[in-house]
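A.B. asks: Per the numbering used here: the sequence shown ends with 228, consecutive numbering throughout.
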Amino acid sequence: MDIKIDSIVSKDTISGARKYTITYHIENLTDREISCFLNPKQLIPAHYGSMGTSPLFKLYQNNDIVAVSGILNNSLTNNTIEIPDFSNIKDEKERKLAMKNFFKEKLHINTDSLDLNNTDFEEGMAITSPPSPMENIYTLKPKEIKTISQLFYWDKTRYYKQDGYEHYLDEKSVFSIELYLVLLRDQYKERLLPEEFEKVTADKNFIQGVFTSNKMEIDFK
Numbered sequence: 008m009d010i011k012i013d014s015i016v017s018k019d020t021i022s023g024a025r026k027y028t029i030t031y032h033i034e035n036l037t038d039r040e041i042s043c044f045l046n047p048k049q050l051i052p053a054h055y056g057s058m059g060t061s062p063l064f065k066l067y068q069n070n071d072i073v074a075v076s077g078i079l080n081n082s083l084t085n086n087t088i089e090i091p092d093f094s095n096i097k098d099e100k101e102r103k104l105a106m107k108n109f110f111k112e113k114l115h116i117n118t119d120s121l122d123l124n125n126t127d128f129e130e131g132m133a134i135t136s137p138p139s140p141m142e143n144i145y146t147l148k149p150k151e152i153k154t155i156s157q158l159f160y161w162d163k164t165r166y167y168k169q170d171g172y173e174h175y176l177d178e179k180s181v182f183s184i185e186l187y188l189v190l191l192r193d194q195y196k197e198r199l200l201p202e203e204f205e206k207v208t209a210d211k212n213f214i215q216g217v218f219t220s221n222k223m224e225i226d227f228k
């Protein structure tokens with residue numbers, strides 16, 4: 008397995024923010040079909056942890072890791088998701104179904120096992136367990152290459168303070184970004200049914216491991 012950043016294109020938007028299009032590819036270097044637990048739809052900051060199935064990214068300032076959140080976001084609203092007012096839906100079953108669909112589609116929370124008739128449904132939404140890794144099985148054919156593009160926005164804030172840690176994005180510094188695939192399998196044993204775990208571990212083409220991309224400069228001038 009190989010991961011490589013192909014290009015990073017930046018453009019200042021009319022809102023005063025900067026938009027980045029990061030294009031990268033994942034390649035199966037082998038002569039056989041391989042599978043893994045991977046959801047490449049979103050890049051996640053590496054310091055958030057590596058127990059998910061999304062690719063990770065690290066931002067560097069002069070080769071030092073910038074370990075603060077909120078610099079690169081998927082939207083101009085600091086990645087905040089506005090929750091609709093479901094109280095406008097008077098039919099209780101329809102309201103709960105709308106809530107279920109919202110949490111599943113927007114927050115990527117697995118709600119399939121929730122009972123719509125449960126009086127604690129609303130409270131239960133907040134503590135629902137993350138999706139099963141089985142929902143994110145990714146397969147590559149022999150020598151197959153898949154190209155993915157990810158949009159990010161930076162609102163041009165330079166000073167960040169988080170958990171007592173302060174950081175300033177100096178416009179004179181050189182910034183770069185690096186991507187990681189942390190493909191877990193055995194570590195998911197407790198999150199899989201016994202028959203699911205047996206199936207993926209018995210499959211010699213179901214891989215695990217850590218794969219690192221090249222570094223590429225990103226514009227924070």
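The beta-carbon is built from N, C-alpha and C at its ideal position, and this holds for glycine as well.
Give me, in chain order, the residues of the same chain whose beta-carbon lies closer than 6 Å to that of M8; leave out the 5 immediate sequence neighbours on both sides.
C.D. replies: These residues qualify, in order along the chain: F218.
A.B. asks: Tell me the DSSP secondary structure of F64 in three-state form.
C.D. replies: Reduced to three states, the DSSP call for F64 is strand.
A.B. asks: Taking contact to mean 3 or more Cβ pairs, one atom from each stretch, closer than 8 Å, check whether the region 96 to 108 and the region 195 to 208 are in contact.
C.D. replies: No, the region 96 to 108 is not in contact with the region 195 to 208.
A.B. asks: Does T30 pass the burial test, meaning 16 or more other C-beta atoms within 10 Å, or should it be called exposed?
C.D. replies: Looking at its Cβ environment, which holds fewer than 16 other Cβ atoms inside 10 Å, T30 is exposed.
A.B. asks: Using a Cβ-Cβ cut-off of 6 Å (strictly less than) and excluding sequence neighbours within five positions of K148, which residues of its own chain qualify?
C.D. replies: If we look at K148 and ignore the five residues flanking it on each side, its Cβ neighbours are E40.
A.B. asks: Hey, is A74 close to the ligand NAP, as in C-beta under 7 Å from one of its heavy atoms?
C.D. replies: This structure lacks the ligand NAP; in fact it carries no ligand of any kind.
A.B. asks: CB-CB under 7 Å to V73, same chain, minus the five flanking residues each way: which ones, in chain order?
C.D. replies: Only L66, Y67, H174 meet the Cβ criterion.
A.B. asks: Could you compute how far the alpha carbon of L199 sits from the alpha carbon of S180?
C.D. replies: Between L199 and S180, the C-alpha separation is close to 45 Å.
A.B. asks: Per DSSP, D19 forms a beta bridge with which residues?
C.D. replies: Per DSSP, R25.
A.B. asks: Tell me where the alpha helix (DSSP H) around V181 begins and ends.
C.D. replies: Element bounds for V181: n/a, residue is neither H nor E.
A.B. asks: Determine the direct distance from the alpha carbon of M141 to that of T154, and round the result to whole angstroms.
C.D. replies: Cα to Cα, the separation comes out at about 22 Å.
A.B. asks: Nearest to S42 by CA position, among F227, R192, A105, S220, is which residue?
C.D. replies: Ranking F227, R192, A105, S220 by Cα distance to S42 puts R192 first.
A.B. asks: CA-CA distance, E197 and F213?
C.D. replies: Taking the straight line joining both Cα atoms gives about 18 Å.
A.B. asks: State the CB to CB distance for the pair Y145 and L45, rounded to an integer number of angstroms; the pair is presumed to be in contact (CB under 8 Å).
C.D. replies: Contact holds; Cβ gap of about 4 Å.
A.B. asks: Do you know how far the Cα of M58 is from the Cα of E226?
C.D. replies: According to the sequence shown, residue 226 is Asp rather than Glu. The straight-line gap from Cα to Cα measures roughly 29 Å.
A.B. asks: Going by Cα to Cα distance, which pick from S22, I152, P52, Q157 is closest to I33?
C.D. replies: Checked all of S22, I152, P52, Q157; the closest Cα to I33 is I152.
A.B. asks: State the beta-bridge partners of T219 as determined by DSSP.
C.D. replies: Paired residue(s): Y187.
A.B. asks: Given a cut-off of 8 Å, decide if L186 and L50 are closer than it, judged by their beta-carbon atoms.
C.D. replies: Yes, the pair counts as a contact, with Cβ atoms nearer than the cut-off.
A.B. asks: Run through DSSP, which three-state label would F109 get?
C.D. replies: F109 falls in the helix class under three-state DSSP.
A.B. asks: Rounded to a whole number of angstroms, what is the C-alpha to C-alpha distance between T28 and K11?
C.D. replies: The straight-line gap from Cα to Cα measures roughly 14 Å.
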